[in-house]
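Chains A and B, in that order, give the protein sequences.
With the first sequence counted from 1, adding 141 to any position gets you my numbering.
With the second sequence counted from 1, adding 8 to any position gets you my numbering.
Ideal Cβ positions, reconstructed from N, Cα and C, are used throughout, including at glycine.
Following: one structure in structure tokens, then a few remarks.
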Amino acid sequence: MAKVSIIIPTYNVEMYLVECMESVIHQTLKDIEIICINDGSTDGSLEILKSYAQKDDRIVLVDKENGGYGIAMNIGLEKATGEYIGIVEPDDFVKLDMYESLYQIAKDNDLDFVKADFYRFKRTDEDDMNMVYNRLSKNPEDYNKVFNPSEDTEAIRYIMNTWSGIYKKEFIEKHHIRHNETPGASFQDNGFWFQTFIFATRAMIVDKPYYMNRRDNPNSSVHNREKVYCMNIEYDHIRDILMEHPELWERFKGMYWYKKYNNYIGTIRRIGMEYRHEFVERFSAEFKRGLEKKELDPSVFSVAAWKKIQVVAAEPDTFYKVWVVASVTERKLNKKIMQLERKNQKLSNELAMIKSSKSYRIGRILLFIPRKLKEWIKGSK
Amino acid sequence: MNHPKVSVILPVYNVEKYLKQCMDSIVNQTLKDIEIICVDDGSTDASLSILKEYEKEDDRVKVICQQNAGAGAARNNGLSIATGEYLSFLDSDDFFSLDMLEKSYAQAKKEDADLIVFRSDQYREDLDKIVKVSWTLREKALPPYRPMTHRTFTDNVFKVFVGWAWDKLFKREFVLEHELQFQEQRTSNDLLFVFSAIVLAKRITILDEPLAHQRRNNPNSLSNTREKSWQCFYNALTALKDNLVKFGLYKELEQDYINYGLHFSLWNLDTLTGAKKEVLFDKLKKEWFAALGIANKPKEYFYNKKEFAKFEKIMNQSFQEVYPDAK
Numbered sequence: 142m143a144k145v146s147i148i149i150p151t152y153n154v155e156m157y158l159v160e161c162m163e164s165v166i167h168q169t170l171k172d173i174e175i176i177c178i179n180d181g182s183t184d185g186s187l188e189i190l191k192s193y194a195q196k197d198d199r200i201v202l203v204d205k206e207n208g209g210y211g212i213a214m215n216i217g218l219e220k221a222t223g224e225y226i227g228i229v230e231p232d233d234f235v236k237l238d239m240y241e242s243l244y245q246i247a248k249d250n251d252l253d254f255v256k257a258d259f260y261r262f263k264r265t266d267e268d269d270m271n272m273v274y275n276r277l278s279k280n281p282e283d284y285n286k287v288f289n290p291s292e293d294t295e296a297i298r299y300i301m302n303t304w305s306g307i308y309k310k311e312f313i314e315k316h317h318i319r320h321n322e323t324p325g326a327s328f329q330d331n332g333f334w335f336q337t338f339i340f341a342t343r344a345m346i347v348d349k350p351y352y353m354n355r356r357d358n359p360n361s362s363v364h365n366r367e368k369v370y371c372m373n374i375e376y377d378h379i380r381d382i383l384m385e386h387p388e389l390w391e392r393f394k395g396m397y398w399y400k401k402y403n404n405y406i407g408t409i410r411r412i413g414m415e416y417r418h419e420f421v422e423r424f425s426a427e428f429k430r431g432l433e434k435k436e437l438d439p440s441v442f443s444v445a446a447w448k449k450i451q452v453v454a455a456e457p458d459t460f461y462k463v464w465v466v467a468s469v470t471e472r473k474l475n476k477k478i479m480q481l482e483r484k485n486q487k488l489s490n491e492l493a494m495i496k497s498s499k500s501y502r503i504g505r506i507l508l509f510i511p512r513k514l515k516e517w518i519k520g521s522k
Numbered sequence: 009m010n011h012p013k014v015s016v017i018l019p020v021y022n023v024e025k026y027l028k029q030c031m032d033s034i035v036n037q038t039l040k041d042i043e044i045i046c047v048d049d050g051s052t053d054a055s056l057s058i059l060k061e062y063e064k065e066d067d068r069v070k071v072i073c074q075q076n077a078g079a080g081a082a083r084n085n086g087l088s089i090a091t092g093e094y095l096s097f098l099d100s101d102d103f104f105s106l107d108m109l110e111k112s113y114a115q116a117k118k119e120d121a122d123l124i125v126f127r128s129d130q131y132r133e134d135l136d137k138i139v140k141v142s143w144t145l146r147e148k149a150l151p152p153y154r155p156m157t158h159r160t161f162t163d164n165v166f167k168v169f170v171g172w173a174w175d176k177l178f179k180r181e182f183v184l185e186h187e188l189q190f191q192e193q194r195t196s197n198d199l200l201f202v203f204s205a206i207v208l209a210k211r212i213t214i215l216d217e218p219l220a221h222q223r224r225n226n227p228n229s230l231s232n233t234r235e236k237s238w239q240c241f242y243n244a245l246t247a248l249k250d251n252l253v254k255f256g257l258y259k260e261l262e263q264d265y266i267n268y269g270l271h272f273s274l275w276n277l278d279t280l281t282g283a284k285k286e287v288l289f290d291k292l293k294k295e296w297f298a299a300l301g302i303a304n305k306p307k308e309y310f311y312n313k314k315e316f317a318k319f320e321k322i323m324n325q326s327f328q329e330v331y332p333d334a335k
């Protein structure tokens, strides 16, 4: 049995796939299984995977028709035979000691899962890499100790990702943790992530980064109606799972609404302007209902967020005007101000340069007498 | 065996005046691959012979007879022999757009729905006119994506659709899986079946086109003779609660259930005429409001403050004070 199975769900990533695969096959932990699911790529991804599979017999390659992230991931989970399971997105890459280190920690502490801090990166050209360190938790005391996420609901506040850690296969199977398979959906990692937290009893987060998450183009807006409500659908799915276990629903419903709120606020920014009003209407109806049923817990929200929730539930149009339209206008204005400031700066720099130049100073000396003469005539009028 | 796409189940009881219009709008449906199960509920008029005519003419029509036992029993009888992929339970005094089954079946099939609800309107006999009805399908309380479950409704799950069966199609496999049955009583016999289906369905979809036409102001309609069956609604509500408990959904839906219980009790009380009105008034006040979980709930528990005010009025005032005009 391999120590770690690494699942790589792959769809049209030929540009990045080599960097990803190189980082996985050269892991210092050698006893690994690499499960690549080609989800019907239409570019050269499959060929790249095939050539790696030929060279490295630890690679299991599954080629299937395109069916979406959730199905691809679930096939990977079914295939995995390792003691622990990791996930690498094919446009990301990992540090070479990632799985050796995490496996050791998981083993030493008998963990259901362990997760680590990570980097988000942007690469403009070969040498210019912009990296930002991301901490899973704001609170340093949360790190490097065993905690029980199924009891400690606060852990749901940690940054959501499924790939910066490893999960015990036995744990995943015991609770049959899988992704939502709804075709065309997105954000199917949210449900997987939520399940790992509500079921795990022994977990740890570590404050060392191993995972490199690509953020080349994070701000592309959604202009496809089908994708506008993907987050809602994923959160419907998460609620269905929680409600299958009434005691878990009771314990986690407050945090469920907290995560949903943050994700809906994020969604407003993510979707095109043309969909924002109707999205806010649905946002409003869902939160109004949640408030009516007393499912929201005010104590998990900041004062400002709780106020916003009251407004969105009672007056979606006000919310839309104040926080959606106004903030867009505001952002535009700020941009304009910054541009003007930059222009202003440039002009004063130029002015300073001109003033300090030789020709300017000579000119001023040459023009000294005629200028004084002019002033004298002006003054005598 | 080849299953028809839809089984239409039609309970028939003394409706000779309307039956032809109803049957014509069924046999002439543009969806041809259907079976039509007519259950004569011991009619004493010409209804049965009208049905027999249709049976002779059209081999998709099956007529079965039962001793008078009500529409609920008739629907269960029909259900027990139905073979269609979807089930349509119609009422014999209504009539239907000829493309009702074609359109609703196509939509249900596309979404692989357990349950589809389509829009309906009312045929007002007194005006000889079709009028629009908004409250049978409250789109604003539904998510903008399909299919959906009751958990995505943003209003009381028992008020988003209506508790009758004829504006819906039910997947037969789904009905059998949950052993759904109609309640065998004179009125309100479809509420239990319909609401159970709504809360159990994993895939609900809708079709926002008026496809069925409900006849109103028919003086023989059962809803106009409710004084004989004034307690049926309460039986329906308690049976619904039992089902919700059985499905493990009561806790989740308790607030909706209690709010609906108040709404439906008040509607029954308000619309009941005759001597039984005061009997029902006393029954609600002394027993049923408490049994339904309505009594002792704080004001903020109720979604509709007018209904709550009415409840308080009933609890604090006499029948004559609340209904000064009742005989």
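Item, Value
"Secondary structure at residue 323 of chain B, three-state DSSP: helix, strand or coil?", "helix"
"Which runs of the beta strand (DSSP E), 3 residues or longer, sit entirely within the stretch 246-283 of chain A?", "254-266, 269-275"
"My guess is that residue 257 of chain A and residue 146 of chain A are in contact by the Cβ rule of under 8 Å, so how many angstroms apart are they, rounded?", "Not quite, the Cβ-Cβ distance comes to about 18 Å (not below 8 Å), so this is no contact."
"Quick check on DSSP: helix, strand or coil for residue 49 of chain B?", "coil"
"Please return the same chain residues whose Cβ sits closer than 7 Å to the Cβ of residue 171 of chain B, not counting the five positions on each side in sequence.", "198, 199, 202, 203"
"Using a Cβ-Cβ cutoff of 9 Å, what residues of the stretch 375-408 of chain A are near chain B? List them in chain order.", "377, 380, 381, 384, 387, 390"
"Interface residues of chain A around residue 263 of chain B at Cβ under 7 Å?", "434"
"Hey, how far is the Cα of residue 264 of chain A from the Cα of residue 364 of chain A?", "26 Å"
"Going along chain A in order, which residues have a C-beta closer than 8 Å to the C-beta of residue 259 of chain B?", "387"
"Output, in chain order, the set of chain A residues within a Cβ distance shorter than 9 Å of residue 159 of chain B.", "377, 380, 381, 384"
"Scan the stretch 412-426 of chain A for residues whose Cβ lies nearer than 8 Å to a Cβ of chain B and list them as they occur along the chain.", "419, 423, 426"
"To the nearest angstrom, how far is the alpha carbon of residue 343 of chain A from that of residue 243 of chain A?", "14 Å"
"Give the DSSP bridge partners of residue 213 of chain B, in chain order.", "B/124"
"Mind checking the stretch 306-326 of chain B against chain A and listing, in chain order, the residues whose C-beta falls within less than 8 Å of any C-beta there?", "311"
"Any idea what DSSP makes of residue 152 of chain B, helix, strand or coil?", "coil"
"Alpha carbon to alpha carbon, what distance is there between residue 208 of chain B and residue 523 of chain A?", "Residue 523 of chain A lies beyond the residue range present for chain A, which begins at 142 and ends at 522; the question has no answer from this structure."
"Could you tell me the alpha carbon to alpha carbon distance between residue 182 of chain A and residue 201 of chain A, rounded to whole angstroms?", "17 Å"
"Could you check if residue 184 of chain B is buried or exposed, using at least 16 other CB atoms within 10 Å of its CB as the buried criterion?", "exposed"
"Rank B/94, B/102, B/206, B/149 by C-alpha distance to the C-alpha of residue 110 of chain B and give the top, closest one.", "B/94"
"Are the Cβ atoms of residue 102 of chain B and residue 218 of chain B separated by less than 8 Å?", "no"
"Nearest-angstrom Cα distance between residue 410 of chain A and residue 373 of chain A?", "15 Å"
"Along the chain, where does the alpha helix (DSSP H) that runs through residue 166 of chain B open and close?", "Careful: residue 166 of chain B lies outside any alpha helix (DSSP H) and carries neither H nor E."
"In whole angstroms, give me the CA-to-CA distance for residue 230 of chain A and residue 399 of chain A.", "27 Å"
"If we ignore side chains and look at the alpha-carbon of each, how far apart do residue 422 of chain A and residue 107 of chain B end up?", "33 Å"
"For residue 373 of chain A, go through chain B and note every residue whose CB falls closer than 9 Å to its CB, in chain order.", "151, 152, 153, 160"
"Could you tell me whether any Cβ in chain B is nearer than 8 Å to the Cβ of residue 523 of chain A?", "With chain A represented from 142 up to 522, any question about residue 523 of chain A goes unanswered, as that position is not in the structure."
"Which residue comes first and which comes last in the alpha helix (DSSP H) that contains residue 208 of chain B?", "199-208"
"Please classify residue 509 of chain A: is it buried, with 16 or more other beta-carbons within 10 angstroms of its beta-carbon, or exposed?", "exposed"
"Please determine if the stretch 35-55 of chain B and the stretch 154-161 of chain B are in contact, where contact requires at least 3 C-beta pairs separated by less than 8 Å.", "no"
"Taking the alpha helix (DSSP H) that residue 436 of chain A falls in, what are its first and last residues?", "Premise fails: residue 436 of chain A is in no alpha helix (DSSP H) and is neither H nor E."
"With H, G and I counted as helix, E and B as strand and the rest as coil, what does DSSP make of residue 140 of chain B?", "strand"
"Could you give the first and the last residue of the continuous alpha helix (DSSP H) run that contains residue 55 of chain B?", "55-65"
"Inspect the CB distances between the stretch 41-55 of chain B and the stretch 13-21 of chain B and report whether three or more fall short of 8 Å.", "yes"
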